[in-house]
Amino acid sequence: SPQRCSGCLSCYWACPYEARIIVEDFSERKNVRITVNGVEHEVPEYVTVKQALKLVGYSFPKEVGDFCETGGCWSCAVIINGNLERSCITPIANGMTIETDVENVEPLRIIHGPQPHTVGGKATPWSEKKKGRYVEVAIWTAGCNLRCPQCQNYYITYDNVSSPLTPREAAKIMTYYRRIYRVNGLAVSGGEPTLNRRWLIQYFKELNKLNPDPEARLHLDSNGTVLTPDYIDYLVEVGCNNIGVEPKGARIETFMKITGIRDKELAERYLQTSWNAVKYIADNYAGRVYLGIGIPYNPALISLEEVCEIGYRIASIDPEIQVCVLDYFPTFRRRDIKRPPATHMVKIKKILNEIGLKYVIVQTSMGHIGP
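In this note's numbering, the protein residues as written are 1139 to 1509.
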């Protein structure tokens, strides 16, 4: 309620109608006593655990893992009164005991699914797609570090109430459904799955143990914004052999419009990291990791000219990388935009082919059109 709001902003970011507004409260608050790693502190009431930890000197640097800030990814989890809890949305309480070392506690994450797919994601090899047959099963992780106003999966992205799973629990469920649907592809998308690095690394490690056969395709679908070279190396080491990256634009202004990121410095880092991830995978894991690239498209968000820029950039890295152009449809906070017609998407495919890209797929209202 407004009277007991802790200012976590999860409802503000999640509301598709932007019905929530931020009102600063300058009224005096009582202090409550908490214990952090054995040391007692006093902090104001009606703040989150994360805010309280910052007030007593703990930091959550953006460079380490990144966070969704809405309760879905569990990256900020700490031990509260003996249980693993999310610091970003948990209100502080008098007498609370907090421990920040969670290395020996199994990580948790909210997921949706699994569901079978006949098409898959941007990095699902087109050669595996057969009409009327499933090619992979997928889960979607809650939580994202972007704030896309046209978020295509917002009901998953902003879910912070579903019960979380451990990496092993998620891997066992995926393996079970792989056998049910007789597929080789095991995909994780989101939201943004690369948040909560410890969970994702352990998930792929468990998935690889349960699916050691060479036909198993362990597929990560990511926006690429935190996919640094060391992170990619870890993922490949534990069995991830199929990665899809979606750099949301070639220009920083477009990236900020599509993602809703208002901090230009952060936006520049995210965009550069996603493009660096594409090149790093192509240069270092060709033949070992199947790479696919997604290009977001809607004329209200990105120009055809910039799509061509993206095409030339991909072609300069490797013209044989699979590319999937995604027709962004109206949803979440951008219900005003119109889904591009199929004829328009076919035109984009032709242009990208003429640029030199050999394997271009376009997502349309009439289905996917392949190379």
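A virtual CB, placed ideally from N, CA and C, is assigned to each residue, including glycine.
Determine the burial state of residue i: buried for a count of at least 16 other Cβ atoms within 10 Å of its Cβ, exposed for fewer.
i	result
residue 1593	No answer is possible for residue 1593: the residues shown for the chain start at 1139 and end at 1509.
residue 1197	exposed
residue 1483	buried
residue 1142	exposed
residue 1344	buried
residue 1540	As shown, the chain starts at 1139 and ends at 1509. That puts residue 1540 outside it, with no answer to give.
residue 1355	buried
residue 1207	buried
residue 1476	exposed
residue 1333	buried
residue 1261	buried
residue 1239	exposed
residue 1330	buried
residue 1100	Outside the modelled stretch of the chain, which goes from 1139 to 1509, sits residue 1100, for which no answer is possible.
residue 1291	buried
residue 1274	buried
residue 1300	exposed
residue 1308	buried
residue 1159	exposed
Starting from the C-beta of residue i, find all residues in its chain whose C-beta is less than 7 Å away, skip the five residues before and the five after it, and write them out in chain order.
i	result
residue 1182	1167 and 1169
residue 1327	1259, 1276, 1278 and 1359
residue 1146	1186, 1226 and 1227
Among the residues of its own chain, which have a CB less than 8 Å from the CB of residue i, if the five just before and after it don't count?
i	result
residue 1495	1449, 1452, 1453, 1457, 1459 and 1461
residue 1412	1361, 1362, 1363, 1365, 1383, 1384, 1385 and 1386
Is the CB-CB distance between residue i and residue j below 8 Å?
i	j	result
residue 1501	residue 1463	yes
residue 1298	residue 1210	yes
residue 1393	residue 1154	no
residue 1472	residue 1288	yes
residue 1266	residue 1304	no
residue 1231	residue 1223	no
residue 1466	residue 1434	yes
residue 1406	residue 1390	yes
residue 1218	residue 1228	yes
Who are the near neighbours of residue i in its chain, counting only those whose CB is closer than 6 Å to its CB and skipping five residues on each side?
i	result
residue 1397	1284, 1286 and 1386
residue 1504	1480
residue 1497	1460 and 1509
residue 1152	1296
Segment contact, 8 Å Cβ cut-off, at least three pairs: the region 1178 to 1197 with the region 1247 to 1255: no
Alpha helix (DSSP H) runs wholly inside the region 1388 to 1435, at least 4 long, in chain order: 1390 to 1397 and 1402 to 1422
Ordered list of alpha helix (DSSP H) runs contained in the region 1354 to 1393, each at least 4 residues: 1367 to 1375
Meets three-Cβ-pair contact criterion under 8 Å: the region 1336 to 1350 and the region 1413 to 1430: no
Completely contained beta strand (DSSP E) runs for the region 1286 to 1333, where each covers 3 or more residues: 1323 to 1328
Meets three-Cβ-pair contact criterion under 8 Å: the region 1427 to 1438 and the region 1375 to 1382: yes
Entirely enclosed beta strand (DSSP E) segments - the region 1166 to 1196, minimum 3 residues: 1169 to 1174 and 1177 to 1182
Complete runs of the beta strand (DSSP E) confined to the region 1196 to 1281 [at least 3 residues]: 1215 to 1218, 1221 to 1224, 1234 to 1237, 1249 to 1255 and 1274 to 1279
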